[in-house]
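As you go down the protein sequences, you meet chains A and B in turn. The first sequence maps to residues 0 to 407 in numbering that gives the first Met the number 0. The second sequence maps to residues 0 to 212 in numbering that gives the first Met the number 0. Since the structure comes first, as structure tokens, the remarks are kept for the end.
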Amino acid sequence: MGLKQNLHNLKEKYKGTKMAPAFNAIHTFLYLPNETTHGGTHIKAADDLKRTMNIVIMALVPCLIFGMFNAGFQHNIAVNGNFTSGMSFFSGQFWNLENFFIGAVKILPLVLVSYGVGLLVEFIFAVIKGHEIEEGYLVTGMLVPLIVPVDIPLWMLSVAVIFGVVIGKEVFGGTGMNILNPALTIRAFLFFAYPTWISGDKVWVEGAVARDQAIVAGEKLDAISGETMLGALAQGKEVVYSIWDMFYGFIPGSVGETSTLLIILGALFLVFTKIGSWRIMLSGVLGALAMGLIFNAIADAGIIGESSKFYALMNTPFWHHLIIGGFAFGVVFMATDPVTASQTNKGKWIYGFLIGFLSILIRVFNPAYPEGVMLAILLMNVFAPTIDHYVVQGNVKKRLKRLKAKLT
Amino acid sequence: MGLFKDSNLVTDPLTDTNPVTIQVLGICSALAITAELEASIVMAIAVLFVLGAGNVVISLMRNIIPSKIRIIVQLIVVAALVIIVDLVLKAFAYQLSKTLSVFVGLIITNCIIMGRFEAFALANKPWRSFLDGIGNALGYGVILVIVGFFRELLGSGTLLGFKVLGDPIEKTGAYAYGYENNGFMLLAPMALITLGIIIWVQRSKNEALIEEN
């Protein structure tokens with residue numbers, strides 16, 4: 000008797016009891032269920048919702064693996080100081096097992112905690128409310144470890160996940176009903192609750208915080224650090240990384256967001272499988288470029304002098320904004336969340352464009368919180384229903400006019 | 000017996016007709032001053048005094064106030080009482096009055112107070128009005144203290160200024176194990192979310208409170 004049969008028997012045994020949703024969830028997660036998803040706002044085709052979620056997870060896996068290598072790589076170059084700019088993407092200095100193990104030891108617990116805590120909350124709510132387990136957390140659980148610093152304490156992550164799932168999603172009625180993207184709600188919570196653990200020049204490099212504490216305790220070690228591009232630019236520091244380093248992702252940052260190359264591959268995969276909206280991604284990029292160009296023009300015209308604290312970020316060539324910070328990751332994997340984004344095609348263009356536009360605006364004018372894409376997406380999540388409303392009303396008006404013209 | 004037959008006027012606002020969680024009044028001050036427990040308690044006492052005394056005064060005058068100018072009369076009464084509170088605070092608890100700053104003055108605009116004057120004191124005898132005022136002020140105070148308790152404990156790791164969780168700089172108590180204060184709790188949005196959670200818990204305990212859609 001195979002696992003499938005065992006699971007099936009368990010499912011039948013607990014049918015109608017309080018624990019039924021838990022067994023149903025395990026069963027349908029591992030094996031193709033006989034039913035398809037019904038209800039919810041993200042229905043697309045006769046697929047089970049879990050298949051949709053799994054495709055997004057597949058698109059995220061390269062970023063996760065890259066993040067593991069990069070965590071070890073950043074640790075090693077911070078300790079040995081042997082960074083050479085302009086490595087090729089397949090450089091052995093990056094892709095070696097030593098790097099991978101350093102990163103995996105740090106990042107796998109993040110993934111486990113994210114899924115463990117999040118699914119536990121979902122299970123508890125499903126049992127209390129007596130409905131099936133909702134699949135929404137499958138993608139959120141993978142996104143969360145990718146958008147936090149590698150050194151974030153696990154208990155903080157747990158607190159944030161509980162907050163994000165309960166306040167961000169369950170209070171609104173669960174998957175498909177949430178207004179805000181749950182993964183970004185979790186990150187925003189960390190951001191405002193524990194700002195020292197999600198900004199600055201320590202948390203992005205594995206072991207930097209622990210080493211600082213050891214130095215305070217009296218051990219003779221050299222402090223190590225690694226500033227994100229945005230953090231460095233906001234403080235007007237020299238950036239030692241080349242454009243190709245930024246594009247390949249050999250830079251400090253949140254676990255999975257550094258490699259623009261792999262994010263583009265993930266984006267193509269999502270667009271090809273018709274899971275992610277190309278309209279949102281494209282308009283997001285256009286919005287960012289537009290804002291970047293405006294800032295470049297302001298800096299070139301000399302309206303803002305070099306002494307201004309905004310100068311360094313404003314003067315950054317406009318297209319650099321696409322490859323530094325979490326912008327690419329946010330636009331590809333977060334802004335396209337079908338539940339919280341605009342639903343209408345015209346609405347998607349407006350929604351995406353404003354996300355890009357606002358991201359760069361927040362980036363430049365808020366040096367304390369350099370990453371703007373998180374706040375921009377959360378803000379536009381709130382406005383998405385309004386945008387849809389006006390797009391639909393506009394359509395209705397246009398058609399009424401056409402009808403009247405025909406009648407008269 | 001006569002004195003206690005209206006005791007539901009005091010007890011109801013504590014739970015099923017709570018001015019904050021059920022009537023959703025007085026939210027602004029509940030968000031603004033609950034970052035510290037001490038400020039919450041003082042605010043609760045101030046509102047207790049203003050609402051208890053104000054209800055009695057309005058109730059005594061209820062037959063002579065022309066209805067066209069009753070709002071102005073109510074404002075004068077509440078303003079006079081608030082000034083008393085403000086001066087007492089400045090005289091005996093100067094630091095606290097600085098913490099509360101404009102929010103003492105803003106008791107005048109606290110919707111609960113005008114609401115009780117209009118809805119109850121204008122139509123009831125002084126003793127019943129007094130009980131109603133005390134009850135509603137206590138109902139407001141209870142919520143303030145609960146929100147203030149959680150915000151100060153989780154946001155600053157202290158209660159009434161005592162470091163109950165240890166010292167964050169010296170790394171004693173819970174901080175020795177890597178615990179950190181949650182800065183989000185000190186911001187106003189978290190006060191609103193805390194309030195929302197209280198409302199959620201209360202309504203799930205008593206389903207009669209859930210409104211029809």
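All C-beta atoms, glycine included, are put in the ideal place defined by N, C-alpha and C. None of the values given here were measured: they were computed from a predicted structure.
Using a Cβ-Cβ cut-off of less than 7 Å, list which residues of the segment 174 to 195 of chain B approach chain A; keep chain order. Under the 7 Å Cβ criterion, the segment 174 to 195 of chain B contributes 177, 179, 181, 182, 183, 186, 192.
Taking contact to mean 3 or more Cβ pairs, one atom from each stretch, closer than 8 Å, check whether the segment 167 to 182 of chain B and the segment 80 to 93 of chain B are in contact. Using a C-beta cut-off of 8 Å, the segment 167 to 182 of chain B makes no contact with the segment 80 to 93 of chain B, since fewer than three inter-stretch Cβ pairs fall below that distance.
Does DSSP classify residue 158 of chain B as helix, strand or coil? Residue 158 of chain B: strand per DSSP, three-state reduction.
Once DSSP output is grouped into helix, strand and coil, what is the label at residue 265 of chain A? Three-state DSSP puts residue 265 of chain A in a helix.
In the segment 194 to 215 of chain A, which residues sit with their C-beta less than 9 Å from some C-beta in chain B, listed in chain order? Under the 9 Å Cβ criterion, the segment 194 to 215 of chain A contributes 194, 195, 196.
Quick one: which residues of the segment 161 to 189 of chain A get their C-beta closer than 8 Å to a C-beta of chain B? List them in chain order. Along the segment 161 to 189 of chain A, going in chain order, the ones with a CB nearer than 8 Å to a CB of chain B are 166, 170, 188.
Cβ neighbours of residue 11 of chain B in the same chain (closer than 8 Å, five flanking residues each side left out): So the qualifying residues of the chain are 134.
How about residue 283 of chain A and residue 334 of chain A: are their beta carbons less than 7 Å apart? Cβ atoms of residue 283 of chain A and residue 334 of chain A: closer than 7 Å.
Any beta carbon from chain B within less than 7 Å of residue 124 of chain A's own beta carbon? No, because no Cβ of chain B sits closer than 7 Å to the Cβ of residue 124 of chain A.
Using CA coordinates, which residue listed in B:62, B:183, B:30, B:116 is at the minimum distance from residue 99 of chain B? Here the closest residue by C-alpha is B:30.
If residue 45 of chain B sits next to residue 9 of chain B, beta carbons under 8 Å apart, how far is it from one beta carbon to the other, in whole angstroms? Contact between residue 45 of chain B and residue 9 of chain B is absent: CB atoms are separated by about 18 Å, not below the 8 Å threshold.
Can you list, in chain order, the stretches of the beta strand (DSSP E) that have 3 or more residues and sit fully within the segment 272 to 319 of chain A? Counting only runs that start and end inside the segment 272 to 319 of chain A, there is no beta strand (DSSP E) element of at least 3 residues.
Taking the alpha helix (DSSP H) that residue 325 of chain A belongs to, which residues open and close that run? No alpha helix (DSSP H) holds residue 325 of chain A; DSSP gives it neither H nor E.
If we call anything under 7 Å between Cβ atoms a contact, is residue 186 of chain A one with residue 57 of chain A? It is not a contact, given that the beta carbons lie outside the stated cut-off.
Helix, strand or coil for residue 57 of chain A, going by three-state DSSP, please let me know. Looking at residue 57 of chain A - three-state DSSP - the assignment turns out to be helix.
Just to confirm my understanding: we take residue 321 of chain A, look at its own chain, exclude 5 residues before and 5 after, and list those with CB closer than 8 Å. What are they? Sequence-distant Cβ neighbours of residue 321 of chain A in its own chain, meaning closer than 8 Å and more than five residues away, are 259, 284, 287, 288, 327.
Could you please give the first and the last residue of the uninterrupted alpha helix (DSSP H) stretch that includes residue 404 of chain A? Residue range 372 to 406 is occupied by the alpha helix (DSSP H) that includes residue 404 of chain A.
Would you kindly work out how many angstroms separate the C-alpha atoms of residue 209 of chain B and residue 41 of chain B, rounded to a whole number? Roughly 31 Å separates the two Cα atoms.
Helix or strand or just coil, what does DSSP make of residue 231 of chain A? Helix at residue 231 of chain A.
Can you check whether the C-beta of residue 191 of chain A is within less than 7 Å of a C-beta belonging to chain B? Residue-level contact check: residue 191 of chain A touches chain B, since one or more beta carbons of chain B fall below 7 Å from its beta carbon.
Cβ neighbour criterion (16 or more within 10 Å) applied to residue 136 of chain A: By the Cβ-count criterion, residue 136 of chain A is buried, with 16 or more other Cβ atoms from all chains shown falling within 10 Å of its own Cβ.
Whole-angstrom distance between residue 389 of chain A and residue 350 of chain A, CA atom to CA atom: Approximately 12 Å, taken between the alpha carbons.
If you draw a straight line from the C-alpha of residue 154 of chain B to the C-alpha of residue 185 of chain B, how long is it? The C-alpha of residue 185 of chain B is placed about 5 Å away from the C-alpha of residue 154 of chain B.
How about residue 132 of chain B and residue 62 of chain B: do their beta carbons lie closer than 7 Å? No. Outside cutoff.
Skipping 5 residues on each side, what residues in its chain have a beta carbon closer than 8 Å to that of residue 158 of chain B? Answer for residue 158 of chain B: 36, 148, 151, 152, listed in chain order.
Give the interface partners of residue 199 of chain B over in chain A, defined as CB-CB distance under 8 Å, in chain order. The answer, in chain order, is 170.
For residue 162 of chain B, I'd like the list of residues in its chain whose CB is within less than 7 Å of its CB, leaving aside the five on either flank, ordered along the chain. Within the same chain, residue 162 of chain B has close Cβ partners 156.
To the nearest angstrom, how far is it from the Cα of residue 359 of chain A to the Cα of residue 375 of chain A? Here the alpha carbon of residue 359 of chain A sits roughly 9 Å from the alpha carbon of residue 375 of chain A.
Counting C-beta neighbours from all protein chains within 10 Å, is the total for residue 385 of chain A 16 or more, i.e. buried, or is it exposed? So residue 385 of chain A counts as exposed.
Anticipated Cβ contact below 8 Å, residue 161 of chain A with residue 380 of chain A, distance rounded: Contact check for residue 161 of chain A and residue 380 of chain A: beta-carbon distance about 20 Å, past the 8 Å limit, so the pair fails to qualify.
Straight-line Cα distance separating residue 347 of chain A from residue 200 of chain B: For the pair residue 200 of chain B and residue 347 of chain A, the Cα-to-Cα distance works out to about 37 Å.
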